[in-house]
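Reading through the structure tokens given below for one structure.
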Amino acid sequence: MGTRPPTLREKRRYILVSVEPSGTIIDRKDLYYAVCDATTSLWGDVTAAVIMPAVIASEGHYMIIRCRRGTERELSIALSTITCCRDNPIALRIVAASGTIETLREKIRILKTPDRELASSPECMFGEKLFQIDYCYGQKVDAIEKGFKNTNRLFLTKEDLEKL
Amino acid sequence: MKITDACVYPYPCGDSSVRRMALEAKSLGFDRLVTAGISSGEFYGIEVSNGILIRDTMVKDLISRVRQEKNSKAVISVQAGDNGFNRAVMGVKGVHILRGIQSADKAAFDHVAAKMAADNCVAVDIDLSPLISGRGIMRQRAIHRYRDILVLERRFEFPITLSSHARSILEMRAVREISGLCSLIDMDTPDVERAFIGVDTIITPPNPAVRVI
Chain A
1 MGTRPPTLRE
11 KRRYILVSVE
21 PSGTIIDRKD
31 LYYAVCDATT
41 SLWGDVTAAV
51 IMPAVIASEG
61 HYMIIRCRRG
71 TERELSIALS
81 TITCCRDNPI
91 ALRIVAASGT
101 IETLREKIRI
111 LKTPDRELAS
121 SPECMFGEKL
131 FQIDYCYGQK
141 VDAIEKGFKN
151 TNRLFLTKED
161 LEKL
Chain B
1 MKITDACVYP
11 YPCGDSSVRR
21 MALEAKSLGF
31 DRLVTAGISS
41 GEFYGIEVSN
51 GILIRDTMVK
61 DLISRVRQEK
71 NSKAVISVQA
81 GDNGFNRAVM
91 GVKGVHILRG
101 IQSADKAAFD
111 HVAAKMAADN
121 CVAVDIDLSP
131 LISGRGIMRQ
141 RAIHRYRDIL
151 VLERRFEFPI
161 TLSSHARSIL
171 EMRAVREISG
181 LCSLIDMDTP
191 DVERAFIGVD
201 TIITPPNPAV
211 RVI
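Protein sequence lines correspond, in order, to chains A and B. Per our numbering, numbering through the first sequence is continuous, rising by one, with the last residue being 164. Per our numbering, numbering through the second sequence is continuous, rising by one, with the last residue being 213.
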């Protein structure tokens, strides 16, 4: 099927989302399956076919998701029901919606991408357990329990570690 | 009037500290959190209220427990049971919220319990976790129960609270996302706004126009 002229093409909308926990890099294909699963589960096959969700770009922990114009509300509700992607617990935070990808790319450039800060110490104690600091930005500190199995991830702040 | 998430579980029940949850709540548009097992305070401009959840008790024990916590200024919630239990809970002075109505018996909350909730200013909690993380029949059942409760709420006008029951910052949702999720259960924007400030309504019930002396 050839490319249609612009007046005959379907109008699309693009939604910019950030993936939590910060610093998580997710494969586009995995996220596409998670989005499709959430959309179909919530709205059913018929509405999912109308929404036509697709993950079309990723920059760092930002993702751009496409849908048909007029179905942004349905897609955003479906996105808020995504809790994991390939068994990794995640949350998608909607940042902006636009009619062009370029506007969202500009938005990503404006938004400061939280880079990893060097923590004062790579390890910390919390609740009598030893944790390795995985991510540190501003007040936020993400720590992973040290060990071979049952390594839990904790979401803390710098103040929590100072209080200990 | 503060936009409130009526129940979150910080560390040690969950994997996020209360400060981190407050930080996240601030970025998501909330003004207050009701937390389980954490003493009241203020973190990063977010008011954190202590919440007490009483479950699996007889009415007699419930009354004595509520009496113990009378001066603690905590938000006292009770897990819903059968119809008789729920009616009894509505009559206990000091109980603020009835929770877990989606997992209770189908006839657990009827028009009599709704009238008592309105008279005694006891809120019914809408737990959003089955809508967020539930799939299939579990989510369908929750939607059905919440729609049924909202029919009674429109008739009797008892308070409603919204809670994410988040055990992690990843389970918390923004105010706008919660409004979207509430549209699934036929709540329009004024309903959602009223539900967000439901905790304010139950903590400071309006003074009666006429006082019997």
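We treat Cβ as the ideally placed atom computed from N, Cα and C, and that holds for glycine.
For residue i, is the classification buried or exposed, using 16 other Cβ atoms within 10 angstroms of its Cβ as the cut-off for buried?
i	result
glutamate 153 of chain B	buried
histidine 111 of chain B	exposed
alanine 195 of chain B	buried
phenylalanine 158 of chain B	buried
alanine 49 of chain A	exposed
glutamate 102 of chain A	exposed
leucine 85 of chain B	Strictly speaking, residue 85 of chain B in this sequence is phenylalanine, with leucine absent from that position. It is buried - the Cβ of phenylalanine 85 of chain B has at least 16 other Cβ atoms within 10 Å.
leucine 75 of chain A	buried
glutamate 177 of chain B	buried
threonine 157 of chain A	buried
glutamine 102 of chain B	buried
proline 12 of chain B	exposed
histidine 144 of chain B	exposed
Put residue i into one of helix, strand or coil per three-state DSSP.
i	result
aspartate 200 of chain B	helix
cysteine 36 of chain A	helix
asparagine 71 of chain B	coil
isoleucine 25 of chain A	coil
arginine 12 of chain A	strand
leucine 150 of chain B	helix
aspartate 56 of chain B	coil
arginine 4 of chain A	coil
leucine 131 of chain B	helix
isoleucine 51 of chain A	helix
alanine 57 of chain A	strand
phenylalanine 148 of chain A	coil
isoleucine 110 of chain A	helix
methionine 125 of chain A	strand
lysine 2 of chain B	coil
When you compare only the Cα positions, how much space is there between residue i and residue j?
i	j	result
threonine 100 of chain A	arginine 12 of chain A	8 Å
valine 46 of chain A	serine 77 of chain B	40 Å
aspartate 160 of chain A	arginine 19 of chain B	7 Å
glycine 94 of chain B	aspartate 27 of chain A	50 Å
cysteine 84 of chain A	alanine 88 of chain B	40 Å
isoleucine 133 of chain A	isoleucine 144 of chain A	6 Å
leucine 23 of chain B	glycine 70 of chain A	33 Å
alanine 142 of chain B	lysine 140 of chain A	34 Å
leucine 162 of chain B	glycine 2 of chain A	50 Å
isoleucine 51 of chain A	serine 80 of chain A	15 Å
leucine 128 of chain B	threonine 24 of chain A	25 Å
isoleucine 110 of chain A	valine 19 of chain A	17 Å
tryptophan 43 of chain A	phenylalanine 43 of chain B	38 Å
glutamine 68 of chain B	isoleucine 52 of chain B	12 Å
alanine 107 of chain B	aspartate 148 of chain B	11 Å
valine 55 of chain A	serine 41 of chain A	18 Å
asparagine 88 of chain A	valine 8 of chain B	21 Å
proline 6 of chain A	arginine 68 of chain A	15 Å
tyrosine 146 of chain B	glutamate 162 of chain A	43 Å
isoleucine 90 of chain A	serine 27 of chain B	17 Å
isoleucine 126 of chain B	leucine 8 of chain A	45 Å
methionine 187 of chain B	glycine 198 of chain B	14 Å
isoleucine 185 of chain B	serine 22 of chain A	31 Å
threonine 35 of chain B	serine 164 of chain B	11 Å
alanine 174 of chain B	isoleucine 94 of chain A	9 Å
Among residues of its own chain, excluding the 5 on either side of residue i, which ones have a beta-carbon nearer than 6 Å to its beta-carbon?
i	result
cysteine 182 of chain B	Val192
glutamine 79 of chain B	Arg55, Arg99, Gly100
asparagine 50 of chain B	Ser39, Ser40, Ala74
isoleucine 108 of chain A	Glu59, Tyr62
isoleucine 82 of chain A	Ala34, Ala38, Leu92
aspartate 30 of chain A	Cys85, Arg86
tyrosine 14 of chain A	Ile64, Arg66, Ser98, Ile101, Leu104
phenylalanine 30 of chain B	Ile3, Asp5
valine 151 of chain B	none
Less than 7 Å between C-beta atoms, sequence neighbours within five positions excluded: which residues of the same chain meet that for residue i?
i	result
serine 16 of chain B	Pro10, Ser168, Ile169
alanine 25 of chain B	Asp5, Leu33, Ile46, Met172
valine 92 of chain B	Leu62, Ile63, Val66
methionine 90 of chain B	Ala113, Met116, Ala117, Asn120, Val122
threonine 151 of chain A	Ile144, Glu145
glycine 37 of chain B	Cys13
alanine 104 of chain B	Ala80, Gly81
glutamate 10 of chain A	Arg68
alanine 96 of chain A	Leu16, Leu104, Lys107
Identify, in the order they occur along the chain, each residue of the same chain with its Cβ nearer than 8 Å to the Cβ of residue i, setting aside the five sequence neighbours on each side.
i	result
threonine 189 of chain B	Ser179
methionine 131 of chain A	Sequence inspection shows phenylalanine at residue 131 of chain A; the methionine mentioned does not correspond to that position. Result list for phenylalanine 131 of chain A: Glu123, Cys124, Met125, Ala143, Ile144, Glu145, Lys146, Leu154, in chain order.
isoleucine 202 of chain B	Val75, His96, Ile97, Cys121, Val122, Ala123, Pro159, Thr161
tyrosine 135 of chain A	Pro21, Ser22, Gly23, Arg116, Val141, Asp142
threonine 57 of chain B	Arg65
Exercise for review: Any chance you could list the beta strand (DSSP E) runs of at least 3 consecutive residues sitting entirely within the segment 157-199 of chain B, in chain order?
Suggested key: Taken in chain order, the complete beta strand (DSSP E) segments of 3 or more residues contained in the segment 157-199 of chain B are 160-163.
Check your understanding: Along the chain, which unbroken stretches of the alpha helix (DSSP H) at least 4 residues long are found entirely within the segment 61-102 of chain A?
Key -> For the segment 61-102 of chain A, whole alpha helix (DSSP H) runs of length 4 or above, ordered along the chain, are 72-79.
Check your understanding: Hey, which unbroken runs of the beta strand (DSSP E) at 3 residues or more fall wholly within the segment 8-40 of chain B?
Key -> For the segment 8-40 of chain B, whole beta strand (DSSP E) runs of length 3 or above, ordered along the chain, are 32-36.
Exercise for review: Return the chain-ordered ranges of every beta strand (DSSP E) run that is complete within the segment 90-136 of chain B and spans a minimum of 3 residues.
Suggested key: With a minimum length of 3 residues, the continuous beta strand (DSSP E) runs that stay inside the segment 90-136 of chain B are 97-99, 123-127.
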